[in-house]
Every structure is written in C-alpha cells, then in structure tokens.
Amino acid sequence: MSWIPAFGKGIAYFLLLYALYVLLSLVWFRLLRRGGLHRLRVPGAVFLTFDDGPDPEFTPRLLEVLARHGARATFFVVGERAARYPEVLRQIADAGHEIGIHNFRHTLNFFSLPWRTARGVEEAARVVEEITGKRPTLYRPPWGALGLLDYFLLRKRFTVVFWSLTMYDWQASRTVRWLKWRFLSRVSAGEIVLLHDSGRTFGADPDAPGRTLAALDAALTLLREAGVSFRFSTLGEGLAAAARGERILDPPRLFRHHLYFAFERLHHAVFRYTPLLGTDGLLYLERRPYSGPPLVVRGETLLSPGDPAFNLHFNNELLFSALRNEGSTLRSVVQLKRLGDQSLALLAHYIAENAPDVRGVYGLSALHRGIRAFGFHVLPSQDTLWERVSGAYMLGLLGLLHPDGMRRLREGGDVSPRWVVLSRRELDARYGVRTSAKPKREGEPEGEREGGERPHTGEARAGELSEKGGTRG
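Quick note: the sequence shown uses UniProt numbering, first residue 1, plus one each step.
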C-alpha cells in the first residue's frame, strides 16, 4: 500500500496546478482584460447585453421596453433554454436583436474539461441556428469565467465577449431606484452593459428581472428627457462600426497628463465621488455639508454653514478632451454647454430621488466665467488660506488642461476662484423637477415661505458673501 501516499501527493500537485491555471485565466481575462471583447469604443454607442434567457415571462416584456425606446441589444442565451422556448428566441430575432451563446447549460467552465465546454457551445449554436436560421458568432462564458484553453479552442469560431459595466441586477438586495442610478451614473459611450432577462440560475433572485425591466425603462426615459442621445446598438453593429474606423479618439497626452489623470481617478475612488454618465458626464458629486460662509443672493440665503449640499467637481478628463478634440473654441463651448445641461438635468433628478434633504449645490471654481449660463450665482471668495491654496491648484490645472496653457486663460480675463452656488429650488425650476416640499434647515422655525426658504429682510449679516460684493459685515 506504499502507493497511497504517492497517489495523494499526485492529487495535491494536480489540484495546485489546476488552481494556478484558474488563477492565471482569471487574471488574464478579468483583471488585465486581455483576450476577448471588454469594451467597444464606438462614438455615441452603448451596448446592452442580457444573459441567462430566454425566459417566457420576462424576455417578451423586455422586448417591449426596448422597442418603446428604439434600443437594440444582444442576448446571450443558454442552449437548453433556447431549445425549451423556441418561440421566445424567435421573438428576439424577429425584433432585430442579436443572439449570442452562454453555454448549453449555465455551468461554470472550470467545472468542465475545455473540449467538453467547446462541444457544449457548438451544440447551443446549432440549436439557435435551427430556430432562427442564423448562426451565432458571439460567446460569453457564465459568470465571465473562462479558461485559457477554453479561449484557445473557441477563439477562431466565436468572438468572446465580457463586459465593462455590470449592474449586479441578479441580486435580491438591488432596488429599482438603485439599479436605475447605477446605470445613469456609470453609462457612457462604448460601454458593454451586463444585464439579465432571467433569474432562474444559481445564485440569482427569480424576481430580479422584473426590477431590471423597470429600472431600464425609467433610465432610458430620463436619458431622453435630459437630452442624452446614446445609440443602443447590438455588438455586431458595434464591431462593424469599429472595423470601418469609427472609434472614440483620445487627444494626445504628455506624461504629465497621464500622471495627473491617474491621480484624479484614484482620488475619485478613495473619496467615492458619484459620477453622472460615467466618463461622458461633466460632473462628479460629493455629498458634503456646506462649511463656507453664508451665500447670499439679493437678500436670499442660498446656503448656510451646515446645510446638506453637494459639492460639485468637474470631469477634468472630459474638459481636456473637449478643449483639444473639437478643433475650435466655439465648438468646445457648444459641446460643454450641451454636456452641462445634460448633467445638471440628471443631477436635479438624482437629488429629488436620492437626497431630498439637500438644499443646494456649490463649488469653488476658476471656471466661473462660463458657469453663469447654467443658472449658477457667482460670489467672491474670502481670500482664506484654503481658498488661496485651492486657487493656485485650479490655476495650475487650467494651464494643464487648456491647449494653449495659461497664456490664453489670462488673456480671457479673471481666472481667480469664486464660489458658485445654485439652490435646490432654482435647480428644480430650471430642469423641470417637481417636488411636493422643499427641505427645511435643522432648527428652522415654522411660518417660512413656501419652498422652505427663509423670509428675506434684505439686511446683511456678518460673514456673508453676496453676489455683488465681497464679505458682508
């Protein structure tokens, strides 16, 4: 029986080597994003993808939502479910959507030998072709788990597809509101969005697709109302566009640009800033009580110290691209005005649904010359140490972003930082958000004006900032 220890040692070595194979595969495909399709940088296009169907309950309802918004999508179907519900699969194809393969059975690839996985994918493709008359050419592994040998066996017959934005919509804890705003905060051109039209797989909530449909319908409706014109296309259309040379082009960057934007992305992640429209949005949000001096406009106190508010930060990578890609100052201004209106419209809805106690939005900005066009009030800074340090940082940043550096900025007038502020009431009125009541300051007496604002006496209080002058008092 001396062979038993040797056999056990052989099993241990095999398991160790297999674990290393799994780890290398996950690092290569998921961490490094090498091999397969992870994002499609096609201008203006977003790629909705749905896994785990077809589902006789949710897939037809999803097709109605997509048709209502003129959106096309890609469905990665499970082969045995396609064979069970051929009429639903035909509905997908007849509606003009694309069909890909998601294994014959929804099992983890690492639990199967690579050649058995490849045979299962081929069998699922045969089922789909028999039902729809068209052979699928796209493949997505369940849970995004693909072995290196799986990829080697499949890559010549299928384009392996992963994703760049996941919604976690299979989880029971995700509400419609959470899903809606995860989508709206992160979606941008070129994203491959992972969604599900069936909840009948291991670990998924069976009712989750109903919430996905409601969230997607609400999100696409709000995008249209905000003037955001994404084109929701199939992956096949995106691949064809990319082959024709339709690509999102980044302006040339020097090493210092790469270094700064890497720092800024890290800063946003550490402090958990909330984006709107991902990399295509003009603003990042920081929920922070206002701590500056009272901001007063025409006798009305818009923000007081301690008021719940959002501190706004510009998407500097977007500013950099707009200033250097558009080719002219006028086109840059037009583009930024459009992006600003879109972002502020979404911001108004975001506050109404997620932070109804917020009284306004504010920031300290050197870009105050153009920000009045969005309804903001511009007030002078108080020349504190923090404001001077912030101002020096902003001037350096403007010089970094602008193609002509500081020379053009100084020629254009004052670039010293100023407070910019927009009250909740003004934001709602400008962008069409209706709320039943405005938030009230803690400790504020009854009998105030409708809309939650204090009655205005026109008297100045010490330390206030007014729109037409400096510090009052």
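C-beta: ideal position from N, C-alpha, C; glycine also.
Considering A45, what are the terminal residues of the beta strand (DSSP E) in which it resides? Here residue 45 corresponds to residue number 45 of the sequence shown, with the count starting at 1. For A45, the enclosing beta strand (DSSP E) has its first and last residue at A45 to D51.
Identify every residue that forms a DSSP beta bridge with T74. Taking the sequence shown and counting its residues from 1, the one referred to as residue 74 is at position 74. T74 is bridged to T49 and E98.
Using 8 Å as the cut-off, classify the Cβ of R84 as near or not near the heavy atoms of the ligand FMN, replying yes or no. Within the structure as shown, the ligand FMN is missing, as the structure has no ligands at all.
Thinking C-alpha only, which one of A71, F314 and P294 is nearest L285? For the purposes of this step, residue 285 is taken as the residue at position 285 of the sequence shown. Among A71, F314 and P294, the Cα nearest to that of L285 is on F314.
When burial is assigned at 16 or more other CB atoms within 10 Å of the CB, is A19 buried or exposed? Locating residue 19 in the sequence shown gives position 19, where the first residue counts as 1. Exposed is the call here.
Whole beta strand (DSSP E) runs in the stretch 258 to 343 with 3 or more residues, listed along the chain? 283 to 287, 295 to 297, 300 to 303 and 309 to 314
Would DSSP call G360 helix, strand or coil? Position 360 of the sequence shown holds residue 360. Looking at G360 - three-state DSSP - the assignment turns out to be strand.
In this structure, how does DSSP classify I192 when only helix, strand and coil are distinguished? Here residue 192 corresponds to residue number 192 of the sequence shown, with the count starting at 1. Three-state DSSP puts I192 in a strand.
Can you find at least 3 beta carbon pairs, one from the stretch 105 to 120 and one from the stretch 86 to 94, that sit closer than 8 Å? With the rule of 3 Cβ pairs closer than 8 Å, the stretch 105 to 120 does not count as touching the stretch 86 to 94.
Would A352 and R287 qualify as a contact pair, given that the criterion is a beta-carbon distance under 9 Å? Along the sequence shown, read from residue 1 onward, the residue named residue 352 stands at position 352. Along the sequence shown, read from residue 1 onward, the residue named residue 287 stands at position 287. Not closer than 9 Å, so no.
According to DSSP, simplified to helix, strand and coil, what is T221? The count along the sequence shown starts at 1 and reaches residue 221 at position 221. T221 carries a helical assignment under DSSP once its states are collapsed to helix, strand and coil.
Classification of A12 by the beta-carbon crowding that lies within 10 angstroms, buried from 16 upward: The sequence position of residue 12 within the sequence shown is 12, counting from 1. Exposed: under 16 other Cβ atoms inside 10 Å.
For chain D, find out if any of its Cβ atoms is closer than 9 Å to the Cβ of L32; answer yes or no. Protein chain content of the structure displayed is limited to a single chain, and chain D is not contained in it.
Rounded C-alpha distance that separates P60 from P141: Position 60 of the sequence shown, counted from the start, is the residue given in the question as residue 60. Position 141 of the sequence shown, counted from the start, is the residue given in the question as residue 141. Going from the Cα of P60 to the Cα of P141 covers about 24 Å.
Return the first residue and the last residue of the alpha helix (DSSP H) that L239 is part of. Residue 239 sits at position 239 when you count from the first residue of the sequence shown. Here the alpha helix (DSSP H) through L239 covers L235 to A243.
Would you tell me roughly how many angstroms separate the C-alpha atoms of T132 and R424, rounded to the nearest one? As a position in the sequence shown, residue 132 is number 132, starting the count at 1. As a position in the sequence shown, residue 424 is number 424, starting the count at 1. Roughly 52 Å between the two C-alpha positions.
In this structure, does DSSP put F202 in helix, strand or coil? Within the sequence shown, residue 202 is the residue found at index 202, counting from 1. Coil.
Compare the beta carbon distance of F162 and G306 with 9 Å and say whether it is the shorter of the two. On the sequence shown, position 162 is the one that residue 162 refers to. On the sequence shown, position 306 is the one that residue 306 refers to. No, Cβ-Cβ distance for F162 and G306 is not below 9 Å.
In chain order, what residues of the same chain have a beta carbon less than 7 Å from the beta carbon of A219, not counting five sequence neighbours either side? Residue mapping note: residue 219 aligns to position 219 of the sequence shown, counting from 1. Around A219: K180, F183 and L184.
Around the C-beta of R68, are 16 or more other C-beta atoms found within 10 angstroms, so that it is buried, or is it exposed? Here the question's residue 68 lines up with position 68 in the sequence shown. Burial check for R68: the Cβ neighbour count within 10 Å stays below 16, so the residue is exposed.
Please report the distance separating the alpha-carbon of G360 from that of A73. If you number the sequence shown from 1, residue 360 lands on position 360. If you number the sequence shown from 1, residue 73 lands on position 73. Going from the Cα of G360 to the Cα of A73 covers about 38 Å.
Considering only DSSP beta bridges, list what F232 is partnered with. Locating residue 232 in the sequence shown gives position 232, where the first residue counts as 1. In DSSP, F232 forms a bridge with V46.
Residue burial classification, V334 (beta-carbon count within 10 angstroms, cutoff 16): Taking the first residue of the sequence shown as position 1, residue 334 is located at position 334. Exposed is the call here.
Run through DSSP, which three-state label would G470 get? For the purposes of this step, residue 470 is taken as the residue at position 470 of the sequence shown. Bear in mind that the predicted position of G470 carries a pLDDT of just 45, short of 50, making it unreliable; the figure below should be weighed with that in mind. Of the three classes helix, strand and coil, the one that applies to G470 here is coil, per DSSP.
Given that a residue counts as buried once 16 or more other Cβ atoms are within 10 Å of its Cβ, and exposed if not, what is H106? Reading the sequence shown from its first residue, position 106 is the one you call residue 106. Counting other Cβ atoms within 10 Å of its Cβ, H106 reaches 16 or more and is therefore classed as buried.
Beta-carbon gap between F76 and D51 smaller than 9 Å: Within the sequence shown, numbered from 1, the residue matching residue 76 stands at position 76. Within the sequence shown, numbered from 1, the residue matching residue 51 stands at position 51. The answer is yes: Cβ separation under 9 Å.
Distance check for E130 and L319, CA to CA, integer angstroms please. By 1-based counting over the sequence shown, the position of residue 319 is 319. By 1-based counting over the sequence shown, the position of residue 130 is 130. Distance between the alpha carbons of L319 and E130 is about 50 Å.
Using a Cβ-Cβ cut-off of 7 Å (strictly less than) and excluding sequence neighbours within five positions of E80, which residues of its own chain qualify? Your numbering for residue 80 matches position 80 in the sequence shown. Hits under 7 Å: F104 and R105.
Between the CA atoms of S304 and D207 - distance to the nearest angstrom: Here residue 207 corresponds to residue number 207 of the sequence shown, with the count starting at 1. Here residue 304 corresponds to residue number 304 of the sequence shown, with the count starting at 1. Spanning the two alpha carbons is a distance of roughly 45 Å.
In chain order, which continuous runs of the beta strand (DSSP E) of length 3 or greater are located wholly inside the stretch 361 to 403? 377 to 379
C-alpha gap between H257 and V433, whole angstroms: By 1-based counting over the sequence shown, the position of residue 257 is 257. By 1-based counting over the sequence shown, the position of residue 433 is 433. In a straight line, the C-alpha of H257 is about 38 Å away from that of V433.
Report yes or no: do three or more beta-carbon pairs, one from the stretch 250 to 269 and one from the stretch 160 to 177, lie closer than 8 Å? no
Tell me, please, whether the stretch 228 to 238 touches the stretch 22 to 36 by the rule of three or more beta-carbon pairs shorter than 8 Å. no
Can you name, in chain order, every residue of its own chain whose Cβ lies under 8 Å from the Cβ of H97, other than the five neighbours on each side? Residue numbering aside, residue 97 sits at position 97 when the sequence shown is read from its first letter. In chain order, L63, L66, R72, A73, T74, F75 and T234 place their CB closer than 8 Å to the CB of H97, counting only its own chain and leaving out the 5 sequence neighbours on each side.
Could you name the residues that DSSP lists as bridge partners for W419? Within the sequence shown, numbered from 1, the residue matching residue 419 stands at position 419. DSSP output for W419 lists L364 and L379 as bridge partner(s).
For L312 and G396, which I take to be in contact (beta-carbon distance under 8 Å), what is that distance rounded to the nearest angstrom? Sequence index remark: in the sequence shown, residue 312 carries index 312 (1-based). Sequence index remark: in the sequence shown, residue 396 carries index 396 (1-based). By a beta-carbon distance limit of 8 Å, L312 does not contact G396. Their separation comes to about 20 Å.
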